[in-house]
Amino acid sequence: TVTTRESLATVSLRKTFGGVTAVDDATVTFHEGKVNALIGPNGSGKTTFFNCVTGMIKPDSGSVSYHGTDITGRSPHRVARAGIGRSFQLCRIFPRMTVLENVLVAHRTHGLASLLKGARDADQIERARHWLRRVGIDHLEHSEAADISYGQQKLLELAGVLMAEPDLIMLDEPAGGVNPALIGRIGTLIRELNAEGRTFVVVEHNMEMVMSLSDHVIVFDRGRPIAEGPPSEVQSDPRVLEAYLGV
Ligand code: ADP
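First residue of the sequence shown: 3, per full-length UniProt numbering; consecutive thereafter.
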């Protein structure tokens, strides 16, 4: 039998905020080498799940593992060092810094010392330019980040994520608020980076993008997965329609 290698996995992950159960005993496995989509109605716990997995918040219970190693409760920079990169729903960049500077300080999760050392290093600048070329905004390297379009800011954030050479990239709504031309470019880029061996977990509301981009779709409802499979199957799953329509 052919077995796919496990990338990120959670067992009975749970997070409550006061009386609200945001993630409710979620047991999920993402497979290595795939573009995985995480979809579900607003408030179904997708962002909280991301935050628990990447160390932004501590889960109340349950576990998170990466390639079989327990990473539950690790700080964001230790999660990053394990090889997991992420973007944020509301793009996180420094608006008053240039595009190039933004990519150089994207290593900030590795601590101030490495940040200061890294920013001076010619080699780092070369790598930053490499990733700016890859995401297609190298011509903007001297622009202030505040002056480029929102879609370009998302590409900038992705270039920063790529600086850490992650094996797993988690993207929170890469197409959200982005114009259609750039959505196509972001999709193509994800496909290329995946073909080079990177695994993706993508939270996305744009169903056209989810269906064309992903190998495997996991549907969240009320804090846990309720269905998963190839996009074509998940699309017609009655449980999924019910979750979205609330019938
Ligand atoms: P999604 O990303 O699927 O839209 P979220 O993870 O943002 O879902 O939210 C899941 C639930 O948890 C929602 O009911 C939301 O209101 C609640 N929630 C998320 N973050 C917090 C927080 N910091 N404090 C209180 N409630 C929160």
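By construction, the Cβ of each residue, glycine as well, lies at the ideal position given by its N, Cα and C atoms.
- Only residues of its own chain outside the window of five on either side were considered, and among them Asp27, Ala28, Thr29, Ser63, Gly64, Ser65 have a CB closer than 8 angstroms to the CB of Ser14, listed in chain order.
- Around the beta-carbon of Pro227, 16 or more other beta-carbon atoms lie within 10 Å, marking it buried.
- At least one heavy atom of the ligand ADP lies closer than 8 angstroms to the C-beta of Asn44.
- Residue range 240 to 247 is occupied by the alpha helix (DSSP H) that includes Leu243.
- Straight across, the Cα-Cα distance linking Glu103 with Ala161 is about 11 angstroms.
- Within the region 60 to 143, the complete alpha helix (DSSP H) segments of 4 residues or longer fall at 78 to 83, 101 to 106, 114 to 122, 124 to 137, listed in chain order.
- Going by DSSP, Arg193 is part of no beta strand (DSSP E) but of the alpha helix (DSSP H) stretching over 182 to 197.
- The residues Thr201, Asp217, His218, in chain order, have a CB closer than 7 angstroms to that of Lys36 in the same chain once the five nearest residues on each side in sequence are set aside.
- Between Gln154 and Leu142, the CB-CB gap stays under 9 angstroms.
- Cβ contact annotation for Lys60 (same chain, cutoff 7 angstroms, sequence separation greater than five): Gly75, in chain order.
- For Ser214, the uninterrupted alpha helix (DSSP H) run begins and ends at 209 to 215, by DSSP.
- If the five residues before and after Pro43 are omitted, its C-beta is found closer than 7 angstroms to the C-beta atoms of Asp223, Ala245, Tyr246, all from its own chain and listed in chain order.
- Relative to the ligand ADP, the beta carbon of Gly47 is positioned inside 8 angstroms of a heavy atom.
- Boundaries of the beta strand (DSSP E) harbouring Ser14: 8 to 19, taken from the DSSP string.
- Annotated three-state conformation of Met172 is strand, per DSSP.
- Between Asp239 and Gly199, the gap from beta carbon to beta carbon reaches 9 angstroms or more.
- If you check the C-beta of Thr56 against the ligand ADP, you find no heavy atom less than 8 angstroms away.
- Non-local C-beta neighbours of Ile139 in its own chain, meaning closer than 8 angstroms and more than five positions away in sequence, comprise Val101, Ile150, Gln154, Leu157, Leu158, Ala161, ordered along the chain.
- When C-alpha distances from His207 are compared across Pro97, Leu173, Arg187, the shortest belongs to Leu173.
- Leu10 and Ala84 have their C-alpha atoms roughly 11 angstroms apart.
- At a Cβ-Cβ threshold of 9 angstroms, Val137 and Leu191 count as neighbours.
- If you compare the alpha carbons of Met209, Ile188, Val242 with that of Ser89, the shortest gap goes to Ile188.
- When the alpha-carbon of Gly70 is set against those of Thr56, Asn53, Thr31, the nearest one is in Thr31.
- Residue state for Asn53 is assigned as helix, using DSSP reduced to three classes.
- For the set Ser67, Ala147, Ile171, Thr18, the Cα lying nearest the Cα of Leu195 is the one of Ile171.
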